[in-house]
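The sequence shown begins at 12 in my numbering and counts up one residue at a time. Data first, discussion second: the structure below is written as structure tokens.
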Amino acid sequence: MQILILQFVDPARTDGQAEFSHPIGVMSAMLKADGFETSLAALPGFAPAALRETILRQRPQYVLAELDVWNVSAARRTIGEIAQQYALPVAVFGTHATCSPEPAVSIPGVHALLRGEYEQSAVAMLRAVRDGADPAGLEGVWVHTDSGLARGALRAPAPLDSLPFPDRGLFDFGRIVRATREAPFKVARGCPHWCAYCVNDWYADLYGDPPVRRRTVSHVLDEIDKVRADWPGVESVKFYDHAFADDDAWLEEFAREYPRRCGLPWRCHVRLIDVTERRAELLALGGCRWAHTHLGSGSRFIREEVLSMFPSDDKIVAACRTLRAAGLRVAGEVFLGTPYESEITLEETLSLVRRTELDAVDPRVFFPAPATRAAELCEENGWISGRGDENYWLGRSVLDMPSLPAAQIDAAMAAFRSRLKRPQETALRRLLDKFRPRGDR
Ligand code: SF4
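If you want it as structure tokens, here you go:
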């Protein structure tokens, strides 16, 4: 049975290249082990011509569509097109399918929804479809039946070491390696934090304790060995978990074993509130070159009350210094255009970024991901505009706030890097500096 997996990528991309996704890769590996054939199409938004070409070439019997919080519009139109033009059954999976299952399963053309961690549920559901059995009632599967929607109970998450390594061939991984020389890996699932702009709340509610499940170091290193053997062009490694560095015992073992088994330079994400001197030291000992992090906003009010990020300005600055003192370079992401953003809070963000002396800065226009607490705040205030979620990819604001209109947010984004280099430029900044406490300068 031929399964087509749909992934939605940045519409600006014209190369048709898929984004590597660990869980999609694991799902494909499990489906193949069960006798299914899988293929993947990376669609740049709603793209009927590309969809038609893919369906005619692949001749799928079932479609699995990734439904994430930033591609709802493109997925909705694509699923409608599949139902109308090709009469193929579609199941949705991903963050929006998990956090907003009722609206997601109600999208015209959706046959089923896989809630939460979806790999095992996908295999069980497609096995039932293939064998002519009834998928209604399967754990992790919501499915439309003649008598209504059957909501299967949540499926318990699998121990991570029991899952197969992801099927990287699905993503044309050789092309990714040739383009980037880097291989991405995931070592854990879950997160102990509660950032208000993130969907983690939903997963934490579904799966409870422990908030983070982690692969063993040896399981991760076995996968890295295999990837290096299969794709010799890999010259560096990326770990994209947000909880990569928050378990001391795991990090001690990783820092000891990784250089012995692999030794390629690597980068990872680090939450600044989790940074200690010992963790920075372990990252460096293990061969980490870059720590990527998220500052949120320079406004303490926005950081704490809107984004639920709790390191103080001083902790942020100190954590960046600690990482750099250990020999790492630090890249930081900041939001522009968060709820309650104003010219004053933008200046505070510029000021905080300057204090951190980051090696690289990545400003992002804030996007209120549906079903997050930050999006609910925007909805309650009537700030969600009619501009669609394609603006997420375009880096344009979808908020209409009296404190800072969308056009000003977009302008602030365009000017951010140049303003960062000119700290003395505005009277407003001089005024803010005048009132900042001495220890904060
Ligand atoms: S640290 Fe990352 S994964 Fe965790 S809640 Fe915050 S944004 Fe989400």
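Idealized CB from N, CA, C, for every residue including glycine. This structure is a prediction, so every number in the text was calculated from the model and none was measured.
{"Item": "Residue burial classification, Gly450 (beta-carbon count within 10 angstroms, cutoff 16)", "Value": "Any reading at Gly450 is ruled out, since the residue's pLDDT is 41, under 50, leaving its predicted position unreliable."}
{"Item": "Simplified DSSP state of Pro59, which is helix, strand or coil", "Value": "helix"}
{"Item": "Contact set for Pro379: own chain, Cβ-Cβ below 6 Å, skip 5 residues either direction", "Value": "Ala385, Ala386 and Cys389"}
{"Item": "Given 8 Å, three or more beta-carbon pairs between the region 397-414 and the region 329-336", "Value": "no"}
{"Item": "Pair within 7 Å by beta-carbon distance, Val8 and Ala147", "Value": "What is shown of the chain runs 12 to 452, which leaves residue 8 out entirely."}
{"Item": "The ligand SF4 site residues, beta-carbon cut 5 Å against heavy atoms", "Value": "Cys202, His204, Cys206, Cys209, Asn211 and His253"}
{"Item": "CB contact flag (Pro100, Tyr73, <7 Å)", "Value": "yes"}
{"Item": "Leu75 beta carbon less than 7 Å from that of Ala115", "Value": "no"}
{"Item": "Backbone CA spacing between Arg452 and Asn402 [nearest angstrom]", "Value": "With a pLDDT of 36 at Arg452, under the threshold of 50, the modelled position of that residue is not reliable, and the figure given next carries that caveat. Each residue's Cα considered, the two are about 36 Å apart."}
{"Item": "Cβ pair Leu51, Leu181 closer than 7 Å", "Value": "yes"}
{"Item": "DSSP three-state assignment for Lys249, whether helix, strand or coil", "Value": "strand"}
{"Item": "Inter-residue spacing [alpha-carbon to alpha-carbon] between Arg70 and Tyr218", "Value": "36 Å"}
{"Item": "Contact under 7 Å by Cβ, Cys209 with Met320", "Value": "no"}
{"Item": "For Leu318, the nearest candidate out of Asp400, Ala240 and Leu347 (CA to CA)", "Value": "Leu347"}
{"Item": "Contact under 7 Å by Cβ, Pro55 with Val20", "Value": "yes"}
{"Item": "Residue span of the alpha helix (DSSP H) that contains His107, given as start and end", "Value": "Thr106 to Cys110"}
{"Item": "According to DSSP, residues forming a beta bridge with Val301", "Value": "Looking at the sequence provided, one finds Trp at residue 301 rather than Val. Arg278 and Arg340."}
{"Item": "Coarse secondary structure for Gln28, derived from DSSP in three states", "Value": "coil"}
{"Item": "First through last residue of the beta strand (DSSP E) which encompasses Tyr73", "Value": "Tyr73 to Glu77"}
{"Item": "Delimiting residues of the alpha helix (DSSP H) encompassing Arg384", "Value": "Arg384 to Glu391"}
{"Item": "When Arg192, Ser132 and Asn392 are compared against Gly244, the one with the closest alpha-carbon", "Value": "Arg192"}
{"Item": "Collapsed DSSP secondary structure at Ala426 in the structure displayed", "Value": "helix"}
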